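What follows is one structure encoded as structure tokens, with my remarks underneath.
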Amino acid sequence: MTTVSTSLPLPVSEQFASLLAEQLKDVTSNAVTLNFRDESYDAESGGFRPVEIRLERHLNQWHIQYITEFCYVGIGPFAELTKSLDFDFGCGIFQSVIGECAIEKGTDMYVVWEPNFLSYWQEMKAFTLTISPD
Numbered sequence: 000m001t002t003v004s005t006s007l008p009l010p011v012s013e014q015f016a017s018l019l020a021e022q023l024k025d026v027t028s029n030a031v032t033l034n035f036r037d038e039s040y041d042a043e044s045g046g047f048r049p050v051e052i053r054l055e056r057h058l059n060q061w062h063i064q065y066i067t068e069f070c071y072v073g074i075g076p077f078a079e080l081t082k083s084l085d086f087d088f089g090c091g092i093f094q095s096v097i098g099e100c101a102i103e104k105g106t107d108m109y110v111v112w113e114p115n116f117l118s119y120w121q122e123m124k125a126f127t128l129t130i131s132p133d
């Protein structure tokens, strides 16, 4: 059985962990990156922000290394895709557009981010998922 650890400094839900585990059931490598993309997302019209989730397997259990959400910053053809939120469990750091701090300081943001992401992924089917094993 494929499982994703929820023993993390942020309140990662069992629902979120189970949905990730479901995507990983056929992965044979020990590291994987999940890329969630709204193909219509762009700097001009917006859309659902891309999310990247990195997981590594240790002792038959997957561990989330980071969850990063991206957004466009800038105007028109000069807009660049950059990190808007980064929950880096591997380094113990939370980053947002306003700065960097200990990951525990990102708890309030995480409890808002996760249910929104789950809604976009499950209910709205807003993302195309690409799984990149290492």
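Counting from 1, position 70 in the sequence shown corresponds to residue 69 in numbering that gives the first Met the number 0; the numbering is continuous, with no gaps.
Idealized CB from N, CA, C, for every residue including glycine.
Quick caveat, the model's predicted, so the values are computed rather than measured.
Check: Measure the C-alpha to C-alpha separation of R48 and Q60 and round it to an integer number of angstroms.; Outcome: 28 Å
Check: Measure the alpha-carbon distance for L19 versus F86 and round it to whole angstroms.; Outcome: 16 Å
Check: If we ignore side chains and look at the alpha-carbon of each, how far apart do E43 and Y119 end up?; Outcome: 20 Å
Check: Alpha carbon to alpha carbon, what distance is there between C70 and L80?; Outcome: 5 Å
Check: How many whole angstroms separate the CB atoms of Q94 and K82, which I take to be in contact at a CB cut-off of 8 Å?; Outcome: 6 Å
Check: To test your reading of the DSSP string, which unbroken beta strand (DSSP E) runs of 3 or more residues are found completely within the stretch 33-63?; Outcome: 50-57
Check: Starting from the Cα of Y40, find the closest Cα among V31, V50, L33, T32 and give me that residue.; Outcome: V50
Check: Okay, do the stretch 105-116 and the stretch 26-34 touch, 3+ Cβ pairs below 8 Å being the bar?; Outcome: no
Check: To the nearest whole angstrom, what separates the beta carbons of T106 and P10, a pair I think is in contact under 8 Å?; Outcome: 7 Å
Check: Does the Cβ of I97 have 16 or more other Cβ atoms within 10 Å, making it buried, or fewer, making it exposed?; Outcome: exposed
Check: Counting C-beta neighbours from all protein chains within 10 Å, is the total for L54 16 or more, i.e. buried, or is it exposed?; Outcome: buried
Check: Assuming S17 is part of the alpha helix (DSSP H), what are its boundary residues?; Outcome: 13-23
Check: Look at the alpha carbon of S6 and the alpha carbon of P76, and state the distance between them as a whole number of angstroms.; Outcome: 42 Å
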